[in-house]
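Quick notes on the structure that follows.
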Amino acid sequence: MNDWPEEKQHAFRFVQLLLHTGFQPSPDLPEWIRFGLCGCSSSKEEAELLESYIKLIHLISFEEFYTAYNDSALPTLFSTNGMVVTNPFVLDVLNGTTHMNKSVWSLKQFALGDYASLIPPVAVDYGFVNCGGEEDLIHSLKQTYGRILTARNANPLQLHEACLQGKIFCYARRKTQVDIKFAPLMKNIYPLSE
Numbered sequence: 045m046n047d048w049p050e051e052k053q054h055a056f057r058f059v060q061l062l063l064h065t066g067f068q069p070s071p072d073l074p075e076w077i078r079f080g081l082c083g084c085s086s087s088k089e090e091a092e093l094l095e096s097y098i099k100l101i102h103l104i105s106f107e108e109f110y111t112a113y114n115d116s117a118l119p120t121l122f123s124t125n126g127m128v129v130t131n132p133f134v135l136d137v138l139n140g141t142t143h144m145n146k147s148v149w150s151l152k153q154f155a156l157g158d159y160a161s162l163i164p165p166v167a168v169d170y171g172f173v174n175c176g177g178e179e180d181l182i183h184s185l186k187q188t189y190g191r192i193l194t195a196r197n198a199n200p201l202q203l204h205e206a207c208l209q210g211k212i213f214c215y216a217r218r219k220t221q222v223d224i225k226f227a228p229l230m231k232n233i234y235p236l237s238e
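Last residue of the sequence shown: 238 in the working numbering, with the numbers rising by one and none dropped.
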């Protein structure tokens with residue numbers, strides 16, 4: 045196993061986790077993003093997705109699962125085995141590459157996790173670099189994004205689009221109550237000039 049490619053090790057670890065009775069996904073686990081759980085908007089949705097994964101791994105070989113994961117083809121594998129993934133956020137993650145996804149998913153992991161680290165793309169894209177290293181400001185901004193991403197009408201892909209347009213604060217104010225003090229913190233380098 046140590047000589048397996050990194051992606052194969054990721055797939056194997058996820059299958060191991062799935063086989064543990066009572067496995068509860070945590071935003072702090074890398075698998076939470078890798079296997080699309082970050083696209084779920086509730087613990088009920090997460091449980092349904094996990095149940096689909098458990099059914100799937102009992103129908104196919106590990107090699108089939110790994111190949112689909114590595115090729116960003118898990119939605120097709122689900123469909124081929126009679127389980128259709130319809131959540132657009134889960135599909136966005138699963139159709140991404142095994143190496144890269146939109147920074148909004150890492151933002152969600154950071155905002156909702158207890159131990160997730162603030163990675164540079166999130167710091168730059170979502171304005172954490174504007175906090176000047178002040179832990180209180182970082183924590184407040186993290187909590188604000190947590191509220192935005194868990195609001196009843198949350199749409200991480202719209203937040204990502206607002207990020208790319210340099211309009212995070214405007215988007216945030218439409219989704220939840222956000223103090224005006226966050227306006228300068230939510231500035232980023234976007235939109236990039238053509």
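Note that CB positions come from ideal geometry on N, CA and C, so glycine has one too.
Do residue i and residue j have their C-beta atoms within less than 8 Å of each other?
i: Ala-198; j: Ser-85; result: yes
i: Tyr-170; j: Gln-209; result: no
i: Phe-226; j: Leu-185; result: yes
i: Asn-232; j: Val-168; result: yes
i: Ile-101; j: Leu-62; result: yes
i: Glu-95; j: Leu-81; result: no
i: Val-134; j: Leu-93; result: yes
i: Tyr-110; j: Ala-55; result: yes
i: Asn-139; j: Pro-119; result: yes
i: Pro-228; j: Asn-174; result: yes
i: Ala-112; j: Leu-121; result: yes
i: Thr-142; j: Ser-105; result: no
Given that a residue counts as buried once 16 or more other Cβ atoms are within 10 Å of its Cβ, and exposed if not, what is residue i?
i: Glu-178; result: exposed
i: Glu-107; result: exposed
i: Cys-214; result: exposed
i: Gln-153; result: buried
i: Gly-176; result: exposed
i: Pro-200; result: buried
i: Met-45; result: exposed
i: Thr-1; result: The chain is shown from 45 up to 238; residue 1 falls before or after that span and cannot be answered.
i: Ile-182; result: buried
i: Arg-196; result: exposed
**Prompt:** Taking only runs of the alpha helix (DSSP H) that begin and end inside the segment 163-218, which ones reach a length of at least 4 residues, in chain order?
**Reply:** The segment 163-218 contains these whole alpha helix (DSSP H) runs: 164-169, 179-194 and 200-208.
**Asked** Would the segment 121-141 and the segment 57-69 be scored as touching if the rule is three or more Cβ pairs under 8 Å?
**Response** At 8 Å Cβ cutoff, the stretches do not touch.
**Item:** Runs of alpha helix (DSSP H) wholly within the segment 131-160 (minimum 4 residues, chain order)
**Value:** Given a length threshold of 4 residues, each whole run of the alpha helix (DSSP H) inside the segment 131-160 is given here in chain order: 132-139 and 147-156.
**Prompt:** What are the uninterrupted segments assigned as beta strand (DSSP E) that are 3 or more residues long and contained completely in the segment 55-92, given in chain order?
**Reply:** Whole beta strand (DSSP E) segments, 3+ residues: zero.
**Request:** Only counting runs of 3 or more residues, tell me where the beta strand (DSSP E) segments fall wholly within the segment 90-118, in order along the chain.
**Result:** The segment 90-118 is shown to contain no whole beta strand (DSSP E) run of 3 or more residues.
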